[in-house]
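Undergrad: My questions will all concern the structure given below.
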Amino acid sequence: MTEVNRKIHVVGINSYIFDDLPSKLQDLFINTGNIAVPNSYFEEIKSWSENDLEKKKSFFSSNSNHELVNWLRFQKTDVILISRGDPLWFGIGRLLLENFSKDELSFYPSNTCIQLAFSKLKIPWQDTINLSIHGRDSTKLVEALKARPSSLAIITDSDNKSLEIIKKNLSELNLIDFYDFWLCEEIGFDNENIRKLNLKESLPSDISSLNIAVLIKTEKNYSNNNLPLFGIKDSVFKTFNDRPNLLTKREVRVQILADLELPKNGVIWDIGAGCGSIGLEALKLRPNLDLFCIDKRIGSKALILENSKRLGVKPKFIFEENIINTLNTRNLSSFEKPNRLIIGGCDKKTKLEIINTLAPRMSIGDIIVIPIIDIQTIKELKEELEYKNFKTNINLIQTYKSLSIARGIRLEPNNPVFLLKGKKQI
2 MTEVNRKIHV VGINSYIFDD LPSKLQDLFI NTGNIAVPNS YFEEIKSWSE
52 NDLEKKKSFF SSNSNHELVN WLRFQKTDVI LISRGDPLWF GIGRLLLENF
102 SKDELSFYPS NTCIQLAFSK LKIPWQDTIN LSIHGRDSTK LVEALKARPS
152 SLAIITDSDN KSLEIIKKNL SELNLIDFYD FWLCEEIGFD NENIRKLNLK
202 ESLPSDISSL NIAVLIKTEK NYSNNNLPLF GIKDSVFKTF NDRPNLLTKR
252 EVRVQILADL ELPKNGVIWD IGAGCGSIGL EALKLRPNLD LFCIDKRIGS
302 KALILENSKR LGVKPKFIFE ENIINTLNTR NLSSFEKPNR LIIGGCDKKT
352 KLEIINTLAP RMSIGDIIVI PIIDIQTIKE LKEELEYKNF KTNINLIQTY
402 KSLSIARGIR LEPNNPVFLL KGKKQI
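Residue numbers (my numbering): 2 to 427.
Below, the structure is given as structure tokens:
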């Protein structure tokens with residue numbers, strides 16, 4: 002292997018002022034003749050050579066592309082490549098490591114723009130999801146937004162109008178009211194500007210091309226006066242931060258509520274209720290119903306109570322326990338029998354036991370709806386319902402959301418859900 006005699010020194014900066022460099026890097030700059038600088042701030046760095054430096058400088062305007070790589074390969078002496086922040090954090094470091102040996106490279110990171118932004122906002126950032134859509138598509142952005150993290154930092158790209166894409170994605174995923182949106186421009190530099198934007202309004206026209214977006218989850222005061230009659234947005238419901246799938250998505254929830262054929266009066270049991278979205282919206286539609294919510298997850302009762310307040314409804318009972326425990330240890334004769342029954346969030350064996358216990362107590366015209374994601378369980382559950390004198394049908398719900406990307410719109414699929422419905426005949 003040929004010994005490498007020259008080095009590529011990759012220097013991260015957070016300031017255009019030469020004296021802000023550590024003394025070690027000032028000496029390195031003084032003693033190095035070939036300097037590569039991103040063209041967006043080429044003149045600022047070139048001005049450093051106006052000081053009385055002994056070594057003559059040759060500056061190369063960089064676009065972080067193959068032209069830069071070729072220029073670096075032809076240099077016979079040490080080179081400095083100026084970068085922003087940490088070159089190995091969504092920076093040019095990856096490109097350099099793909100084209101040069103580690104022995105040729107030395108990295109001198111500065112603070113990342115995200116680190117500086119959170120220090121200015123005075124918000125802890127250890128749990129923040131960090132991603133870049135600079136020169137990349139927005140697939141990972143959509144995946145991150147769907148997980149609803151407490152905070153999200155996004156390195157943007159002015160060339161593809163990425164701020165508009167972020168804004169559209171938040172709107173398309175019904176998350177506009179879920180986050181405070183901070184625009185951080187030229188962080189660490191003389192023209193630094195941090196402002197909170199209202200994404201329901203047009204973006205400002207004076208945005209610097211050097212910017213990042215920081216999204217911070219916010220606690221809103223929800224008013225049930227502004228809720229629609231039907232089809233409540235997912236963002237209205239509180240769920241566990243690390244388990245957003247406890248919420249039945251709006252498109253599926255709407256179909257379940259339609260299949261339940263909700264009566265004006267009666268009793269509805271929501272088993273595997275999660276955050277309570279199905280039962281609570283049913284109660285909002287039919288306020289005279291008695292709602293029983295049952296979920297075994299610790300904290301589910303508090304979630305359902307919070308969402309009850311947001312919708313302005315009140316379940317009759319909330320049990321934070323395994324449904325098998327409810328069926329086996331509680332006196333079911335003292336409970337009102339269900340006229341409408343939703344069975345979700347449990348395995349096939351548990352679903353069958355629920356049907357065997359509760360279906361015989363139900364009356365003609367009463368309805369059971371079972372959301373299913375495992376196609377293998379459908380046949381057995383369907384046969385059990387029919388054995389209990391329920392007329393059944395199966396509906397596959399597969400929906401797509403339009404999501405904005407750099408070059409237009411793509412359709413993002415939601416997970417398919419089978420709805421098994423049974424209506425008692427005898």
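Ideal placement from N, C-alpha and C gives every residue a C-beta, glycine not left out. Just so you know, these numbers come straight off a predicted model, no measurement behind them.
1) Do the CB positions of L29 and I81 come within less than 8 Å of each other?
2) Relative to the C-alpha of N32, which residue among E354, N100 and S24 is closest?
3) Which term fits S210, buried or exposed, when burial requires 16 or more other beta carbons within 10 angstroms of its beta carbon?
4) Just the Cα atoms here: how many angstroms apart are D128 and R137?
5) Taking all protein chains shown into account, do 16 or more other C-beta atoms lie within 10 angstroms of the C-beta of M2, making it buried, or fewer, making it exposed?
6) Can at least three beta-carbon pairs, one atom from the segment 183 to 196 and one from the segment 10 to 20, be found at a separation below 8 Å?
7) Give a yes or no on whether the C-beta atoms belonging to I83 and I46 are separated by under 8 Å.
8) Just curious, the beta strand (DSSP E) that H10 is in, first and last residue?
9) G94 and V11 - do their beta-carbons sit closer together than 8 Å?
10) Among I344, F91 and I167, which one has its Cα closest to the Cα of A145?
11) Let me confirm a value: D104 is counted as buried when at least 16 other C-beta atoms fall within 10 Å, else exposed. Which label applies?
12) Considering only residues of the same chain and omitting the five flanking positions on each side of L286, which have a CB-CB separation below 8 Å?
13) Are at least three pairs of beta-carbons, each pair with one atom in the segment 265 to 272 and one in the segment 292 to 300, less than 8 Å apart?
14) Using 8 Å for Cβ pairs, my map puts A154 next to I213. What's the rounded Cβ distance?
15) Given this structure, state the Cα-to-Cα distance separating K302 from F320, to the nearest angstrom.
16) Alpha carbon to alpha carbon, what distance is there between L216 and R298?
17) Going along the chain, which unbroken runs of the beta strand (DSSP E) with 3 or more residues stay wholly within the segment 61 to 137?
18) What first and last residue would you give for the alpha helix (DSSP H) that runs through A154?
19) For K425, does the count of other Cβ atoms within 10 angstroms reach 16, so buried, or fall short, so exposed?
20) Counting only runs of 4+ residues fully inside the segment 157 to 208, write out the alpha helix (DSSP H) ranges in chain order.
21) Mind checking which residues open and close the beta strand (DSSP E) that includes I213?
22) According to the neighbour-count rule (16 or more other Cβ atoms, all chains shown, within 10 Å of its Cβ), is Q256 buried or exposed?
23) Within its chain, find whatever has a CB closer than 8 Å to the CB of I398; leave out the 5 residues flanking it on each side and keep chain order.
24) Using CA atoms only, rank isn't needed, just tell me which of I374, E381 and L304 is closest to I356.
25) Is the number of C-beta pairs between the segment 189 to 206 and the segment 231 to 241 that are closer than 8 Å three or more?
26) With C-beta atoms as the reference, is L132 less than 8 Å away from F108?
27) Ignore the nearest five residues each way along the sequence and tell me which others in T78's own chain have a CB closer than 6 Å to its CB.
28) Have a look at N39 and F60 and give me their C-alpha separation to the nearest angstrom.
29) Assign A118 to one of two classes, buried (16 or more other C-beta atoms within 10 Å of its C-beta) or exposed (fewer than that).
TA: So, from the listed chains and residues:
1) Looking up residue 29 in the sequence shown gives position 28. Looking up residue 81 in the sequence shown gives position 80. Cβ distance < 8 Å, so L29 and I81 count as in contact.
2) Indexing the sequence shown from 1 puts residue 32 at position 31. Measuring C-alpha to C-alpha distances from N32 to each of E354, N100 and S24 identifies S24 as the nearest.
3) Locating residue 210 in the sequence shown gives position 209, where the first residue counts as 1. S210 is exposed by the Cβ-count criterion.
4) Locating residue 128 in the sequence shown gives position 127, counting from the first residue. Locating residue 137 in the sequence shown gives position 136, counting from the first residue. Computed Cα separation, rounded: 23 Å.
5) As a working mapping, residue 2 is identified with position 1 in the sequence shown. Residue confidence is low: M2 scores 42 on pLDDT, short of 50, so the model does not pin down where it sits. Its coordinate-derived value is still stated next. Exposed.
6) yes
7) Working through the sequence shown from its first residue, we reach residue 83 at position 82. Working through the sequence shown from its first residue, we reach residue 46 at position 45. Yes.
8) The residue labelled residue 10 in the question sits at position 9 within the sequence shown. From DSSP, the beta strand (DSSP E) with H10 extends over I9 to I14.
9) Mapped onto the sequence shown, residue 11 falls at position 10. Mapped onto the sequence shown, residue 94 falls at position 93. Against a cut-off of 8 Å, the Cβ pair of G94 and V11 comes out as a contact.
10) Here residue 145 corresponds to residue number 144 of the sequence shown, with the count starting at 1. Ranking I344, F91 and I167 by Cα distance to A145 puts I167 first.
11) In the sequence shown, counting from the first residue as 1, residue 104 sits at position 103. D104 should be labelled exposed.
12) The residue labelled residue 286 in the question sits at position 285 within the sequence shown. Answer for L286: L230, F231, L258 and L263, listed in chain order.
13) yes
14) Reading the sequence shown from its first residue, position 153 is the one you call residue 154. Reading the sequence shown from its first residue, position 212 is the one you call residue 213. That pair is a contact at about 6 Å.
15) As a working note, residue 302 is residue 301 in the sequence shown. As a working note, residue 320 is residue 319 in the sequence shown. Rounded to the nearest angstrom, the two C-alpha atoms are 7 Å apart.
16) Taking the sequence shown and counting its residues from 1, the one referred to as residue 298 is at position 297. Taking the sequence shown and counting its residues from 1, the one referred to as residue 216 is at position 215. Roughly 29 Å separates the two Cα atoms.
17) 80 to 85, 106 to 109 and 130 to 133
18) As a position in the sequence shown, residue 154 is number 153, starting the count at 1. No alpha helix (DSSP H) contains A154, which is instead part of the beta strand (DSSP E) from S152 to I156.
19) The residue given as residue 425 occupies position 424 in the sequence shown. K425 comes out buried.
20) 163 to 173
21) Indexing the sequence shown from 1 puts residue 213 at position 212. N212 to K218 is the extent of the beta strand (DSSP E) around I213.
22) The count along the sequence shown starts at 1 and reaches residue 256 at position 255. Burial call: buried.
23) Locating residue 398 in the sequence shown gives position 397, where the first residue counts as 1. Cβ within range, chain order: E252, V253, Q256, P417, V418, F419 and L420.
24) Sequence index remark: in the sequence shown, residue 356 carries index 355 (1-based). Nearest C-alpha to I356: E381.
25) no
26) For the purposes of this step, residue 132 is taken as residue 131 along the sequence shown, with counting starting at 1. For the purposes of this step, residue 108 is taken as residue 107 along the sequence shown, with counting starting at 1. Taking 8 Å as the Cβ cut-off, L132 and F108 do not qualify as a contacting pair.
27) For the purposes of this step, residue 78 is taken as residue 77 along the sequence shown, with counting starting at 1. Cβ within range, chain order: R7.
28) Translated into positions along the sequence shown, residue 39 becomes position 38. Translated into positions along the sequence shown, residue 60 becomes position 59. One detail in the question is off: residue 39 reads as Pro in this sequence, not Asn. The straight-line gap from Cα to Cα measures roughly 10 Å.
29) Numbered from its first residue, the sequence shown carries residue 118 at position 117. Of the other Cβ atoms in all chains shown, 16 or more fall within 10 Å of the Cβ of A118; this residue is therefore buried.
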